[in-house]
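J.: Residue numbers (this note's numbering), protein chains in the order written: chain A, 1 to 501; chain B, 502 to 1008. From the three backbone atoms N, C-alpha and C, an ideal C-beta is built for every residue, glycine too. All figures in this text were calculated on a predicted structure; none of them were measured in a lab. This is the structure I have questions about; it appears just below.
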Amino acid sequence: MDTIVSVKPLLAILTALAGSILVMMSGRKPNIREAWSFIAAVTMFGIIISMVTTVAPAPLGEGKTIVYRLFSLLPGVSVTLRVDAFSMIFAVAASFLWILAVFYSAGYMRGLHEHAQTRFNACFALSLFGAMGVAFSDNLFTLYLFYEIVSICTYPLVAHHQDEEGYQGAKKYIVYLTTTAKGMVLPAMILIYVLTGSLDFAHNIRTGIFSSGTVDAHGALVTMLYVFCLLGFAKNGLMPFHNWLPGAMVAPTPVSALLHAVAVVKVGVFCTTRVMLYVFGTDLMHGLNLGIPTAYFVSFTILVASIIALSKDNLKARLAYSTVSQLSYIILGVALLTPSGIQGGLIHIVNHAFSKITLFFCAGAIYVATHKKNISEMSGLGRSMPFTFAAFGIASLSMIGAPPVAGFVTKWKLLVGTMQLQSHYIGILLVLLASTLLNVAYFAPVTYRAFFGKRPEGEAYAGIKEAPLAMVVPLMIAAIISVVIGIYPDFMMNFVKAVTG
Amino acid sequence: MDFLIMNHMGFPILSALIFLPLVGALILLCIPGETAAKNWTMLVTVVTALVSLPLYWNFDATTAKYQFGEHASWISALHINYTLGIDGISLLLVLLTTLIMPLCVLGSWRYIDKRVKEFMICLLLMETSMLGVFMALDFILFYLLWEAMLIPMYLLIAVWGGPRKVYASTKFFLYTLAGSVLLLVAIIALYLDQGTFSIPTLMGQDYSTNFQILIFLAFFLAFAIKVPMFPFHTWLPAAHVEAPTAGSVILASILLKMGTYGFLRFCLPITPEATMIFVPYILWLSVAGILYGGFTALAQQDMKKLIAYSSVGHMGFVTLGIFVLNQQGIEGALLQMINHGITTGALFFCVGMIYERTHSRELDAAAGLGKYMPVYVSFLAFFSLSSLAFPGTNSFVGEFLILVGGFANNKIVTAFAIPGAVLAAAYMFRMLQRVVWGRPVNPDHSGILDLNVREMVTLAPLLFFVFWIGLAPAPFLKVMHVSVTHLIEQVGVASGGTVSVAKLMIP
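This is how it looks when you write it as structure tokens:
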């Protein structure tokens, strides 16, 4: 594996940190403050894009891995950054969406005259600092470090309203995330260190870091470590540790949008899949027969979360459970251990990010324009807010997996990956089909009602119009990109294919 | 004397460190005025700290022998000598002591408003005896200084303490004294057996197993009370709560370390066989302490009590690390001793700073301070994160090493310690949440000022070490490495190689 040393990943994450500090320092002047956020977001995206030519595989770039070591703690334990194709999948999507989110949250927060906007923006940037750190981790320790930073820095965002409900949600959030991280990931990490003497990720998805002798001698222990890693990164929303996610929906909508559709939950699945592929590796997962049980295990989450979503009338709650369900697609894909399955899972990190952020942006725009939270109250609203609901419709299609929107690529790859299985493909196929139907069932009515439903009696709709442009434009862009990456998935697929080799 | 490398610094550096504060205290007797007393103590402690720094630079990390040695006959009829020396186990503790004392003076600047001179004298006497304990290589000298520590500490709590100071100080005194008496018995028994008080000479001798067990139990009780290990911990919360800030800091940062230092210096090398016999019990006691400290801390309303119980938990990790008897475990334990000194000391300073402003240590009374004291809560946040072993801070490295050693030695026991790590996060976040955010409606804190420069100067060096040890612990680990290896050999040789099996489990 070709590696080169470059300071760029460090610069990328420091941009977010510096942005956060500058935001804190310019709290008195909102325009300058938002400008700093914007500059930081654009700079970070620029730095990440500038690494594409180095990291992307052959036709697009050189296919190298960038490594930068910061601190060396113990033998085999260090703070080291790495940019490879796998990190780029997450980094490109998240950093681009940060730019959109900066505009959107400025519009949202000002539109609602929210308090403590400086703290909000500073923590927002800090969370991106953590998320990018996760994306660029070269070993389990660095991953864990940034994972915890994300947990801490998002607490103020979840508790933003500082009322009873906000504190309760935030408490649940931090309790779930730190308990699972310290109770499962930490011991798993230490035991991996005891068994292998190193925490560095492998450089391909097959070998993992366990020697075959260790696996033979400690098979049960390694299986246990795998389970701990799967459940311990609770940001991945896997049941039974998913409950923090709906609880965290008390946060302002931009937080839900960026963090609970992109940064936080994607940090969770990114960590899970990174560990599955680069610590345990597909060979070991085949050897210990971990793939199919994992697939069935996450299938439970996929189906149950969808059923719960059906029952939710609050739009954000429905989106939250949809997120729980969709995140497990990613883990499901990887757990299939077939090339197409892994590709389908990983590309969903991007596809889900763009589509789900559109949906949350829409929910926020509806709230700012009408102060409505429940789907039942939104009948006929599409005629007053056509752009918002059109975007919502497009993104819903993506979640369902209908062509030509992004989600279709995922579904296609997942189905192909399932067919490549030697056994059990019927079971997984049924799960995929059932969940698609459920997706239709809970998403389609929202758009349908908005355009064709009857407006509630006695309500004046004269005053309602689209949300401010700062909100509508980002959500339209996100929706359009959802379509574009559905039709031309090649750019991101390059990285995904480089991962599977 | 082959265990000792004589001092070659040109002046007796260890004696200088011991006697500087003592002489400073004597001179302080003649200095009139409170401000002058503070300034003088500050000067003495800073000079002591500066004098101690060359110890690190001139320390030879390639040998397990005691360095900077000094030897003089003292009472030759009883073979009592004045022998000083430090190795990789004591070096960092000596440096921790000298570096934390100036901060204690700084942290007491406004807190102490009566009998300032006497307070400062007590601090200086404490420093002399604490440094002496870590340097002494003669049992009588050690015991003398060990006991000498009790009196100024008693006074610190009993004179400058809170409302229940008499109860707390008496309890502290009785507990510690009870342990000390047994220590003396053990020392004399060893002398009668071997005819020497020289600590290094007493190590690795061929004692009978029964004799070892008795000696070990006497040592163990003395040191377990000092640590304090569960169930000998009840004096600690009382003493911490009533002591003035500087007293709490000294107690947490340095005094508690003497217990674990005693385990490493005496129990392991002098009575290795007995150690091996008692290891399982001590490991479970450590785990009990970790869990008990964690749960109890979670229930506290008083911030000082919360941190005191967290100390019980943290010291449980230290004893766990010591008695897994492998390289990682003991190095982690030693590092964690330093970390606990830094972090818990800083947290006690933080609580003291709130107390100076609101005259309360109650969590509810401090709720929502974050809005008015952003600088303060930033410091508090970093120290709390360090206390719960957040990755990238000092405690993480220590805890990581301890757990690595633990898992290599005994997976079951160590697995039971993991909930302790979760609890640490729970009680620290709970405290942090209250102080920074509070509830929807908080007590009125308007008019409360943020930290001044003096207070920031008190906390900043500790924060610096939090991140230094957290991100680049190599300079700290390398000085202890050879000494710890030697220590494990001392235990392993006598126990027929049980430890070397444990060592093999780590690649």
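(1) When you compare the CB positions of G589 of chain B and N508 of chain B, do they come within less than 8 angstroms of one another, or not?
(2) Hey, out of B:L626, B:F883 and B:F966, whose CA is closest to L545 of chain B's CA?
(3) Measure how close the beta-carbons of A369 of chain A and A467 of chain A come, nearest whole angstrom, since I'm counting them as under 8 angstroms.
(4) Using a Cβ-Cβ cut-off of 8 angstroms, state whether I485 of chain A counts as contacting chain B.
(5) Any beta carbon from chain B within less than 8 angstroms of L128 of chain A's own beta carbon?
(6) Alpha carbon to alpha carbon, how far is L902 of chain B from S72 of chain A? Give it in angstroms, no decimals.
(7) Three-state secondary structure (DSSP) at I581 of chain B?
(8) Roughly how many angstroms lie between the CA atoms of L505 of chain B and R611 of chain B, to the nearest whole one?
(9) Compare the C-beta of I528 of chain B against all C-beta atoms of chain A and say whether one is closer than 8 angstroms.
(10) Confirm, please, whether the CB-CB distance from I716 of chain B to I778 of chain B is below 8 angstroms.
(11) Assuming D803 of chain B contacts R862 of chain B (C-beta within less than 8 angstroms), just tell me the rounded distance between them.
(12) If you check the beta carbons only, do V279 of chain A and F228 of chain A fall under 8 angstroms apart?
(13) So, is the C-beta of L182 of chain A closer than 8 angstroms to a C-beta in chain B?
(14) Hey, could you find the ends of the beta strand (DSSP E) Y571 of chain B is sitting in?
(15) Going by DSSP, name the residue or residues bridged to S699 of chain B.
(16) To which residues of the same chain is K172 of chain A closer than 8 angstroms at the C-beta, ignoring the five residues directly before and after it?
(17) Below 7 angstroms between beta carbons is the criterion; list the residues of the stretch 179 to 205 of chain A that meet it against any residue of chain B, in chain order.
(18) Please state whether DSSP places D490 of chain A in a helix, a strand or coil.
(19) Taking 7 angstroms as the cut-off, is the C-beta of L430 of chain A nearer than that to any heavy atom in the ligand FAD?
(20) If you measure between the beta carbons of L757 of chain B and A740 of chain B, is that distance less than 8 angstroms?
(21) With 16 as the cutoff for other CB atoms within 10 Å, does S947 of chain B come out buried or exposed?
(22) Check each candidate in B:R616, B:G899 and B:F635 and name the one with the smallest Cα separation from G586 of chain B.
(23) With a CB to CB cut of under 8 angstroms and the five nearest residues on each side skipped, what residues in its chain are close to L315 of chain A?
(24) Would DSSP call T564 of chain B helix, strand or coil?
(25) Pick helix, strand or coil for T772 of chain B, following the three-state DSSP scheme.
(26) Using a beta-carbon distance below 8 angstroms, is V682 of chain B in contact with chain A?
(27) What are the boundary residues of the alpha helix (DSSP H) that S20 of chain A is part of?
(28) In this structure, how does DSSP classify D694 of chain B when only helix, strand and coil are distinguished?
(29) Name the two residues that bound the continuous beta strand (DSSP E) containing Y68 of chain A.
(30) Beta-carbon within less than 6 angstroms of G998 of chain B's beta-carbon, same chain only, minus the 5 sequence neighbours each way: which residues are those?
(31) Could you run through the stretch 878 to 893 of chain B and flag, in chain order, every residue whose CB is less than 9 angstroms away from some CB of chain A?
(32) Closer than 8 angstroms, Cβ to Cβ, to anything on chain A: give me those residues from the stretch 827 to 847 of chain B, in chain order.
(33) Taking just the CA atoms, how far does G993 of chain B sit from V1000 of chain B?
(34) Using a Cβ-Cβ distance cut-off of 8 angstroms, determine whether I174 of chain A contacts chain B.
(35) Since L529 of chain B is in the alpha helix (DSSP H), which residue starts that stretch and which ends it?
(36) Can you confirm whether the stretch 688 to 695 of chain B touches the stretch 664 to 680 of chain B when touching is taken to mean that 3 or more C-beta pairs between the two stretches lie within less than 8 angstroms?
T.: Reading from the atomic positions:
(1) Mapped onto the second sequence, residue 589 of chain B falls at position 88. Mapped onto the second sequence, residue 508 of chain B falls at position 7. Their beta carbons are not under 8 angstroms apart, which means G589 of chain B does not touch N508 of chain B by this criterion.
(2) Within the second sequence, residue 545 of chain B is the residue found at index 44, counting from 1. Note that residue 545 of chain B corresponds to Val in the displayed sequence, not to Leu. Taking only the C-alpha atoms, the option nearest V545 of chain B is B:L626.
(3) Against the first sequence, residue 369 of chain A aligns to sequence position 369. Against the first sequence, residue 467 of chain A aligns to sequence position 467. So it is a contact: roughly 5 angstroms between Cβ atoms.
(4) Reading the first sequence from its first residue, position 485 is the one you call residue 485 of chain A. No, I485 of chain A lies away from the interface with chain B (no Cβ there is under 8 angstroms from its Cβ).
(5) For this step, residue 128 of chain A is matched to residue 128 along the first sequence. Not closer than 8 angstroms to any Cβ of chain B, the Cβ of L128 of chain A fails to qualify, so no.
(6) Translated into positions along the first sequence, residue 72 of chain A becomes position 72. Translated into positions along the second sequence, residue 902 of chain B becomes position 401. Going from the Cα of S72 of chain A to the Cα of L902 of chain B covers about 14 angstroms.
(7) Here residue 581 of chain B refers to the residue found at position 80 of the second sequence. It is a strand residue.
(8) As a working note, residue 505 of chain B is residue 4 in the second sequence. As a working note, residue 611 of chain B is residue 110 in the second sequence. L505 of chain B and R611 of chain B: Cα-Cα distance of roughly 44 angstroms.
(9) The residue labelled residue 528 of chain B in the question sits at position 27 within the second sequence. It does not: the Cβ of I528 of chain B has no partner Cβ on chain A nearer than 8 angstroms.
(10) Translated into positions along the second sequence, residue 778 of chain B becomes position 277. Translated into positions along the second sequence, residue 716 of chain B becomes position 215. Taking 8 angstroms as the Cβ cut-off, I778 of chain B and I716 of chain B do not qualify as a contacting pair.
(11) Residue numbering aside, residue 803 of chain B sits at position 302 when the second sequence is read from its first letter. Residue numbering aside, residue 862 of chain B sits at position 361 when the second sequence is read from its first letter. That belief holds up - the Cβ atoms of D803 of chain B and R862 of chain B are roughly 5 angstroms apart, short of 8 angstroms.
(12) Taking the first residue of the first sequence as 1, we reach residue 279 of chain A at position 279. Taking the first residue of the first sequence as 1, we reach residue 228 of chain A at position 228. No, they are not a contact pair.
(13) Taking the first sequence and counting its residues from 1, one reaches residue 182 of chain A at position 182. Correcting the residue type first, residue 182 of chain A is Lys in the shown sequence and not Leu. It does: the Cβ of K182 of chain A has a partner Cβ on chain B nearer than 8 angstroms.
(14) Locating residue 571 of chain B in the second sequence gives position 70, counting from the first residue. First, the residue type needs correcting, since residue 571 of chain B is Glu and not Tyr in the sequence shown. Element bounds for E571 of chain B: Y567 to I576.
(15) The residue labelled residue 699 of chain B in the question sits at position 198 within the second sequence. Note: S699 of chain B sits in a beta bridge opposite B:D639.
(16) As a first step, residue 172 of chain A must be located in the first sequence, where it is residue number 172. The residues are N243, W244, G247 and A248.
(17) T179, K182, G183, L186, P187, I190, L191, Y193, V194 and G197
(18) In the first sequence, the residue the question calls residue 490 of chain A occupies position 490. Three-state result, D490 of chain A: helix.
(19) Among the components of this structure there are no ligands whatsoever, and the ligand FAD is therefore not found.
(20) Within the second sequence, residue 757 of chain B is the residue found at index 256, counting from 1. Within the second sequence, residue 740 of chain B is the residue found at index 239, counting from 1. No, the Cβ-Cβ distance between L757 of chain B and A740 of chain B is not below 8 angstroms.
(21) One-based indexing of the second sequence puts residue 947 of chain B at position 446. By the neighbour-count rule (16 or more Cβ atoms within 10 Å), S947 of chain B is not buried but exposed.
(22) For the purposes of this step, residue 586 of chain B is taken as the residue at position 85 of the second sequence. Here the closest residue by C-alpha is B:F635.
(23) The residue labelled residue 315 of chain A in the question sits at position 315 within the first sequence. Excluding positions up to five away in sequence, the list reads A363, I366, K373, N374, I375, M378 and V446.
(24) As a first step, residue 564 of chain B must be located in the second sequence, where it is residue number 63. Correct three-state label for T564 of chain B: coil.
(25) Position 271 of the second sequence holds residue 772 of chain B. Reduced to three states, the DSSP call for T772 of chain B is coil.
(26) Here residue 682 of chain B is taken as the residue at index 181 of the second sequence, counted from 1. No, because no Cβ of chain A sits closer than 8 angstroms to the Cβ of V682 of chain B.
(27) In the first sequence, the residue the question calls residue 20 of chain A occupies position 20. It spans K8 to M25 - the alpha helix (DSSP H) in which S20 of chain A sits, taken as one unbroken run.
(28) Taking the first residue of the second sequence as 1, we reach residue 694 of chain B at position 193. It is helical.
(29) Taking the first residue of the first sequence as 1, we reach residue 68 of chain A at position 68. For Y68 of chain A, the enclosing beta strand (DSSP E) starts and ends at T65 to L74.
(30) In the second sequence, counting from the first residue as 1, residue 998 of chain B sits at position 497. Because the pLDDT at G998 of chain B is just 41, under 50, the model does not fix this residue reliably, and the point stays unresolved.
(31) A882, L886, L889, A890, F891, P892 and G893
(32) Within the stretch 827 to 847 of chain B, not one residue has a Cβ closer than 8 angstroms to any Cβ of chain A.
(33) Translated into the one-based positions of the second sequence, residue 1000 of chain B becomes position 499. Translated into the one-based positions of the second sequence, residue 993 of chain B becomes position 492. Because V1000 of chain B carries a pLDDT of 43, less than 50, the predicted location of this residue cannot be relied on, and the following value inherits that uncertainty. Going from the Cα of V1000 of chain B to the Cα of G993 of chain B covers about 5 angstroms.
(34) In the first sequence, the residue the question calls residue 174 of chain A occupies position 174. For I174 of chain A, the answer is yes, since a Cβ of chain B falls inside 8 angstroms of its Cβ.
(35) For the purposes of this step, residue 529 of chain B is taken as residue 28 along the second sequence, with counting starting at 1. Its alpha helix (DSSP H) spans residues I514 to L530.
(36) no
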